[in-house]
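Numbering (this note's numbering), first residue to last: 478 to 883.
From the three backbone atoms N, C-alpha and C, an ideal C-beta is built for every residue, glycine too.
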Ligand code: HAM
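Next up, the structure:
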């Protein structure tokens, strides 16, 4: 569970500010749900046979001996909240963000506490919602300069199709069980669809001649999937992956993941799909649902900061002694005239030389300097750090003017 220091969070903040522009343009609204939920919620949604429930949930008994878990993902909590508010008949376009917890084996890009931003569209049947969410994914990636990625997409059919495919997969694999890796043998027993995700080459070779999802779903679903792919294939790398089933049991219909080679073994930075049955499964009324979640630790690794304009930063250097009240007021006035500029104050700490060194280190392009003389005469020095010796002595009014138009 890593700590996040200011230098790590710089990328997070760029990502978050770009993301909020995209969310704003789609008119979606934030929802916040608790980090702790009854364990049963996840067992009934994510699925008893999933890895998350079997070995990754952080669960404990509270003082009342009720089993509570730290949330491993966000969708189940959101459906629970909507059912609790009896709003299943309404349409919702929601986003959320925050820490999620899974007791996985830590490695590069895989943490036990990680952060997701998720989007859930509730009340929209298969159709336009799929298009809108893929468009949103493309816009998010574009806004932060990610271009080297692939969207893998599949259609799992309805619950019945998923079940028949699963049965057929079991009958195909069972006679070959000895050839499977130990891990895949266990998956075949507990959650057969997960065998499709196997990283073992021998399993993948065997699966080549196994049943294919596409043979179990309706022509309508097949066409829908193909049309989605055709629509976006000119805008990104998008391909149908018949082995894509996703690790959570609640999906039916379209599922998708965005992967990038730049991330190494944990290459998925986003995953989602339709889960129309979850509301019913959790005791609510019928409610269509589709969404996706982005792994923030992973997507910020891909962020192309070179293409993102950095904010303007001005250092505020005071060397005059006992000038606190007056200089704070100047800093206040500057900040309120132009909020797009970062005014980096050094709190009168150190000589002019050392404050200039800090301004350079903090990437300030310009500094305002106030010494004893300047303070007495209501003046300031405006210094351009990119050119040696380039500085002007200006009145306070002139500096404010400069700052407004900077
Ligand atoms: P998920 O695929 O389990 O889906 O997680 C979504 C993303 O979270 C992954 O693509 C990955 O980037 C990130 N992630 C997952 N586990 C870890 C980890 N241990 N460390 C770092 N990053 C991780 C869901 O959680 C679904 N609730 C998504 C969804 C929303 N489906 C419909 N609506």
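Where does residue i fall in DSSP's three states?
| i | result |
| --- | --- |
| residue 590 | strand |
| residue 703 | helix |
| residue 744 | coil |
| residue 478 | coil |
| residue 678 | helix |
| residue 757 | helix |
| residue 811 | helix |
| residue 822 | strand |
Is residue i near residue j, with beta carbons less than 8 Å apart?
| i | j | result |
| --- | --- | --- |
| residue 858 | residue 846 | yes |
| residue 698 | residue 750 | no |
| residue 597 | residue 552 | yes |
| residue 593 | residue 773 | yes |
| residue 820 | residue 791 | yes |
| residue 722 | residue 684 | no |
| residue 748 | residue 769 | yes |
| residue 555 | residue 761 | no |
| residue 510 | residue 573 | yes |
| residue 843 | residue 731 | no |
| residue 733 | residue 779 | no |
| residue 461 | residue 872 | Because residue 461 is not part of the residues shown, which for the chain are 478 to 883, the question remains open. |
| residue 715 | residue 630 | yes |
| residue 578 | residue 549 | yes |
| residue 494 | residue 516 | no |
Whole angstroms is fine: what's the gap from residue i's alpha carbon to residue j's?
| i | j | result |
| --- | --- | --- |
| residue 854 | residue 848 | 10 Å |
| residue 546 | residue 506 | 26 Å |
| residue 601 | residue 736 | 26 Å |
| residue 642 | residue 664 | 15 Å |
| residue 818 | residue 708 | 41 Å |
| residue 720 | residue 881 | 56 Å |
| residue 727 | residue 713 | 27 Å |
| residue 833 | residue 851 | 17 Å |
| residue 718 | residue 611 | 16 Å |
| residue 793 | residue 491 | 24 Å |
| residue 520 | residue 837 | 54 Å |
| residue 754 | residue 766 | 8 Å |
| residue 487 | residue 805 | 26 Å |
| residue 789 | residue 863 | 13 Å |
| residue 691 | residue 706 | 15 Å |
| residue 480 | residue 809 | 32 Å |
What I want to know is whether the C-beta of residue i ends up closer than 7 Å to one or more non-hydrogen atoms of ligand 1.
| i | result |
| --- | --- |
| residue 587 | yes |
| residue 558 | no |
| residue 746 | yes |
| residue 521 | no |
| residue 749 | yes |
| residue 719 | no |
| residue 730 | no |
| residue 574 | no |
| residue 742 | no |
Does any residue of chain D have a CB that is nearer than 8 Å to the CB of residue i?
| i | result |
| --- | --- |
| residue 767 | Absent from the structure: chain D. Only one protein chain is present. |
Are three or more beta carbon pairs between the segment 563-570 and the segment 522-533 nearer than 8 Å?
-> no
Report yes or no: do three or more beta-carbon pairs, one from the segment 529-540 and one from the segment 684-693, lie closer than 8 Å?
-> These segments do not touch.
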